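Have a look at the structure below before the remarks.
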Amino acid sequence: MILKIVRSRAMTKYLTSTGIVLVLIANFAGASEEEADKSTPAEDAAERYLQENPGGDGETKTYRMKTDTVIGSAQNVRSLASSADFIDAETLRELNLDDVNRALRRVPGVYVREEDGFGLLPNISIRGVDSTRSSKITMMEDGILTAPAPYSAPSAYYAPTAGRMSGIEVLKGSSQILYGPHITGGVINYLSTPIPQKASGYLRTTYGTNNEVRVHAWYGDTIDTASGRWGFLVEGYYRSTDGFHMIDTEPDFTSSLADDTGFTKTEPMLKVSWEPKSQTYQRLEAKAGHSELDANISYLGLEENDFRNSPFRRYSSSRFDNLTSRQTRTYLKYLVVPDDDVEIEAAGYYNQFKRNWFKLNDIRDVEDATDPNNTVNMDLSSALAGANGGNGLDVLRGDAAGTLRVRNNNRSYYMWGAQVLGTWRLHGEGVQHEVKAGVRYHEDRVRRFQTNELFEQASNGAIIDHDPGTPGDAGDREQMTGAIALYAQDRITTGKWTVTPGIRFESLDLEHIDNDAPATSGTESMSLVGGGLNALYRDSPAWEFFGGVNRGFSPPSPRAAIKDDVTEETSLGFELGTLYHNSDDSIGLTAIVFYTQFDDLIVVDNIGGAGSGDTENVGKVDSKGLELKLDYRLDKKMGWNFVNHWWFAGTYTDATLDGDSNSTDPESIFAGGLDGNRVPYIPEFQFQIGTRFAWKRTGFSLTGTFVDSTYTTASNTSSQTTPDGAPDARFGQTDSYFVVDLAAWYRLKENVTLLAGIQNLLDDEYLSSRHPHGPRAGKPLYAYFGLEFLF
Numbered sequence: 005m006i007l008k009i010v011r012s013r014a015m016t017k018y019l020t021s022t023g024i025v026l027v028l029i030a031n032f033a034g035a036s037e038e039e040a041d042k043s044t045p046a047e048d049a050a051e052r053y054l055q056e057n058p059g060g061d062g063e064t065k066t067y068r069m070k071t072d073t074v075i076g077s078a079q080n081v082r083s084l085a086s087s088a089d090f091i092d093a094e095t096l097r098e099l100n101l102d103d104v105n106r107a108l109r110r111v112p113g114v115y116v117r118e119e120d121g122f123g124l125l126p127n128i129s130i131r132g133v134d135s136t137r138s139s140k141i142t143m144m145e146d147g148i149l150t151a152p153a154p155y156s157a158p159s160a161y162y163a164p165t166a167g168r169m170s171g172i173e174v175l176k177g178s179s180q181i182l183y184g185p186h187i188t189g190g191v192i193n194y195l196s197t198p199i200p201q202k203a204s205g206y207l208r209t210t211y212g213t214n215n216e217v218r219v220h221a222w223y224g225d226t227i228d229t230a231s232g233r234w235g236f237l238v239e240g241y242y243r244s245t246d247g248f249h250m251i252d253t254e255p256d257f258t259s260s261l262a263d264d265t266g267f268t269k270t271e272p273m274l275k276v277s278w279e280p281k282s283q284t285y286q287r288l289e290a291k292a293g294h295s296e297l298d299a300n301i302s303y304l305g306l307e308e309n310d311f312r313n314s315p316f317r318r319y320s321s322s323r324f325d326n327l328t329s330r331q332t333r334t335y336l337k338y339l340v341v342p343d344d345d346v347e348i349e350a351a352g353y354y355n356q357f358k359r360n361w362f363k364l365n366d367i368r369d370v371e372d373a374t375d376p377n378n379t380v381n382m383d384l385s386s387a388l389a390g391a392n393g394g395n396g397l398d399v400l401r402g403d404a405a406g407t408l409r410v411r412n413n414n415r416s417y418y419m420w421g422a423q424v425l426g427t428w429r430l431h432g433e434g435v436q437h438e439v440k441a442g443v444r445y446h447e448d449r450v451r452r453f454q455t456n457e458l459f460e461q462a463s464n465g466a467i468i469d470h471d472p473g474t475p476g477d478a479g480d481r482e483q484m485t486g487a488i489a490l491y492a493q494d495r496i497t498t499g500k501w502t503v504t505p506g507i508r509f510e511s512l513d514l515e516h517i518d519n520d521a522p523a524t525s526g527t528e529s530m531s532l533v534g535g536g537l538n539a540l541y542r543d544s545p546a547w548e549f550f551g552g553v554n555r556g557f558s559p560p561s562p563r564a565a566i567k568d569d570v571t572e573e574t575s576l577g578f579e580l581g582t583l584y585h586n587s588d589d590s591i592g593l594t595a596i597v598f599y600t601q602f603d604d605l606i607v608v609d610n611i612g613g614a615g616s617g618d619t620e621n622v623g624k625v626d627s628k629g630l631e632l633k634l635d636y637r638l639d640k641k642m643g644w645n646f647v648n649h650w651w652f653a654g655t656y657t658d659a660t661l662d663g664d665s666n667s668t669d670p671e672s673i674f675a676g677g678l679d680g681n682r683v684p685y686i687p688e689f690q691f692q693i694g695t696r697f698a699w700k701r702t703g704f705s706l707t708g709t710f711v712d713s714t715y716t717t718a719s720n721t722s723s724q725t726t727p728d729g730a731p732d733a734r735f736g737q738t739d740s741y742f743v744v745d746l747a748a749w750y751r752l753k754e755n756v757t758l759l760a761g762i763q764n765l766l767d768d769e770y771l772s773s774r775h776p777h778g779p780r781a782g783k784p785l786y787a788y789f790g791l792e793f794l795f
């Protein structure tokens, strides 16, 4: 049993954190609610708006702005005429989902590659795009771009925390036209907790394996005053864990430090809103949120045999590895509804992100196996694969002398922008139009100022000398992008048909400044055009059929465009699907076939791990497959007085290179790819099957997830060798795996619930990734218990 015994210090931390949150909630609970005046036309409009845009269940409903959402609810998926999915708050809470990777396993056509086991750094692909750092996904929170610099540095070293969300929306196909800049893959929109319509509070606190503590709490209210309706929400989220890895000990590194491979994350948030008393409905809403992360995670994996013998081991050479980050997000939104057929929303936003991943970069002064009198420098993946007679591996294990070069990957980001979206509804004879048109101006920037530090290691693994290096000696450059985006679509409904054409245009001004190589600095402009058309046919209340075509694009970073002449990635995607829901909603079926052609596929920074590669266009990819989703309420069919819900979500994908890869860079996961080879980390088969039983006061769910084995590079080799035959631990395959999760709950009172569960119930050990450097394991068995209050 992997579950650790509860330690007094961890339990003290757990109880203290919970107590602090309870005190804060108690202080806010004294807010008074004034008596509402007679309704005004604006309040009537607000009520209509609420009915169309519910923000939760029961008494926690709120007026959620439409720009917050791209779908709005699971029911709205049926009317999109394109493939989409909605993961609601109930699912996230009942299954205790904080890891977005686990949550997205429920969505067909979405592939995730585990890296850290907790979802801190997700690698997400939709329908076959490159999954590296989710760089081909338009990632948003409340309809606002949230990747640190989505144009200048799209690799997402930050992702919103799934555990504090009220929902997650996923768009694929032509329905993503309104939400660039990356529209070759899809859109993921995280929905933060909305402001409640009346005084409401929430507290969820859990304790689990590896001394993991989670506390999520919020309190909010909407109050009528003489000047209008004022709302507020104050929220806090906290998570910490010791992690599931164990670092090898050395003479200067004791066991008391070796098991601290986890992280601490803290996230406060404040929202306020105002709906003035006016004849026209208006709403202003502001949000300020902050995230801090301190994680002892590493790029370094294991040698193959070491992995099979002890998959959660970490070599002593990785003991310095630590990622710290701080993210601040703000927005101000304004909504005005002049009449039932016109809505205009405007938003301004500003986000900052800073991070420093202090991590082992390579090893130096390693004894040369061919000449013991000389030394060589080695990259980590070749050392893990046994190059140089295994001498590098001995240094990583702490069994030989050498020098550890650890890099401060210090980077700062900001982005700001303003956007306006208008909606007009036009009614004609037998034809209705819903026209959406918008504009966004956006700027973002990334500043890289990195330093190498040297740690001299003795033959017994102890560190005997340290050189802090010179600030900026490992990279001193910045990238900036200014972008204007124009987008429009018209939803045309006539009879049983709904047809939606759309278009997106973006104009980019790029700038790259390299203080290490000034000659590569410069500026460039780029224009991008995408668009799509989808159609929906409602054959009956039960059956709907839809199809669509989408031309997408994904722009390169400024450095890639200016220094390396990288052009935009483009795609042409087709989909054809059907949706079925019977009259009592006991059966729901979605089946979709898709085919996407990617041209000039961009591999961002060629992240093989060493960071020495460049972003490049690697060629063409064809991705085709079948997405299937089935929901079955057996209780409704059988007339039972309890809930029994069954679901299945599966994907078959054939994602292959169309022609040989253009890449010869050894750092690229596409190097050596031949025509017909499979795209790295895209499984051929994956599915999730599950069931949920719920009675009046208790219930449980059981979920099984299968993911097929994948190749980790486009060379499609099963051995740890590059196309040139050099040893490299990044080459090879992942394991296929089947993971079972169990979640249970018991309602003590109407608003008090006990929680318990086990994720990876069978404690399956599997190789989930060979990147950034060598084999690494998926998350092992995790058990938890907790308490949830809603008041």
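The opening residue of the sequence shown carries number 5 in my numbering; numbering runs sequentially from there. Backbone N, C-alpha and C define an ideal beta-carbon position, used for all residues, glycine too. Computed from a predicted model, the values in this text were never measured in an experiment.
Practice task
Quickly, what does DSSP pair E347 with across the bridge? List them, please.
Solution key: T427
Handout entry: R168 to S529 span [Cα, whole Å]
Key = Spanning the two alpha carbons is a distance of roughly 39 Å.
Problem - Spatial neighbours of Y115 in its chain, beta-carbon cut-off 6 Å, leaving aside the 5 residues before and after - result: S129 and I686
Problem - For E620 and V346, the rounded distance between their alpha carbons - result: 44 Å
Exercise for the section: Decide if P776 is buried, meaning its Cβ has at least 16 other Cβ atoms within 10 Å, or exposed. Expected result: buried
Exercise for the section: For G629, name the three-state secondary structure that DSSP assigns. Expected result: strand
Problem - Meets three-Cβ-pair contact criterion under 8 Å: the stretch 259 to 277 and the stretch 286 to 299 - result: yes
Exercise for the section: Report yes if the CB atom of P185 is closer than 9 Å to the CB atom of Y417, and no otherwise. Expected result: no
Practice task
Evaluate the contact criterion for the stretch 205 to 215 versus the stretch 120 to 127: three or more CB pairs, one atom per stretch, below 8 Å.
Solution key: Cβ pair count under 8 Å is below three, so no.
Practice task
Mind checking who M642 pairs with in its DSSP beta bridge?
Solution key: DSSP output for M642 lists no bridge partner at all.
Exercise for the section: Check whether the Cβ atoms of G796 and S179 sit closer than 9 Å, and answer yes or no. Expected result: This structure leaves residue 796 out entirely; the chain is present only between 5 and 795.
Practice task
Please classify D41: does DSSP put it in a helix, a strand, or coil?
Solution key: Confidence in D41 is poor, its pLDDT being 39 and thus under 50, which makes the residue's placement too unreliable to answer from.
Practice task
Specify the secondary structure class of V533 as computed by DSSP and reduced to three states.
Solution key: strand
Problem - Three-state class that DSSP yields for F311 in the structure shown - result: It is helical.
Problem - Spatially closest choice to L149 from E754, F795, R444 and I507, by CA coordinates - result: R444
Problem - Own chain partners of V608 with C-beta closer than 6 Å, once the 5 adjacent residues on each side are dropped - result: T136, S139, S159 and T619
Practice task
Tell me whether E307 is buried or exposed, calling it buried when 16 or more other Cβ atoms sit within 10 Å of its Cβ.
Solution key: buried
Handout entry: Selected residue, minimal CA-CA separation from G171, among I192, Y183 and I187
Key = I192
Exercise for the section: Count the C-beta pairs between the stretch 381 to 399 and the stretch 429 to 446 that are closer than 8 Å, then say yes if the count reaches three, no if not. Expected result: no
Practice task
Helix, strand or coil for K70, going by three-state DSSP, please let me know.
Solution key: helix
Problem - Segments of 4+ residues assigned as alpha helix (DSSP H) that fall wholly inside the stretch 544 to 606 - result: 562 to 567
Exercise for the section: Check whether the Cβ atoms of R701 and Y750 sit closer than 9 Å, and answer yes or no. Expected result: yes
Handout entry: N-terminal and C-terminal residue of the beta strand (DSSP E) that N681 is part of
Key = N681 -> no beta strand (DSSP E), and no H or E assigned at all.
Exercise for the section: Return the first residue and the last residue of the beta strand (DSSP E) that N378 is part of. Expected result: Run containing N378: D375 to D383, per the beta strand (DSSP E) assignment.
Problem - Start and end residues, alpha helix (DSSP H) containing A466 - result: Per DSSP, A466 belongs to no alpha helix (DSSP H) and is neither H nor E.
Practice task
Tell whether a beta-carbon distance below 9 Å holds between R110 and I91.
Solution key: yes
Handout entry: From G694, D448, F598 and A659, residue whose alpha carbon lies closest to that of G680
Key = A659
Exercise for the section: For G205, write down the residues that DSSP places opposite it in a beta bridge. Expected result: Y223
Problem - contact_flag[the stretch 766 to 781, the stretch 727 to 737] where n(CB pairs < 8 Å) is 3 or more - result: yes
Handout entry: Opening and closing residue of the alpha helix (DSSP H) in which R401 lies
Key = Counted as a single uninterrupted DSSP element, the alpha helix (DSSP H) harbouring R401 occupies residues N395 to R401.
Exercise for the section: Provide the residue(s) that pair with I488 in DSSP beta bridges, ordered along the chain. Expected result: Answer is Y445 and S511.
Exercise for the section: Could you check the C-alpha separation between R452 and N413 for me, to the nearest Å? Expected result: CA-CA distance, R452 to N413, rounds to 8 Å.
Exercise for the section: Please report how far the alpha carbon of L791 lies from the alpha carbon of Q201, in whole angstroms. Expected result: 24 Å
Exercise for the section: Since I believe G654 is in contact with Q690 (beta carbons under 8 Å), could you give me their beta-carbon distance rounded to a whole number of angstroms? Expected result: Their Cβ separation, rounded to whole angstroms, is 7 Å, which keeps Q690 and G654 in contact under 8 Å.
Problem - Cβ-Cβ distance between P779 and T726 below 9 Å - result: no
Exercise for the section: State the beta-bridge partners of W651 as determined by DSSP. Expected result: W651 pairs with D635 and G694.
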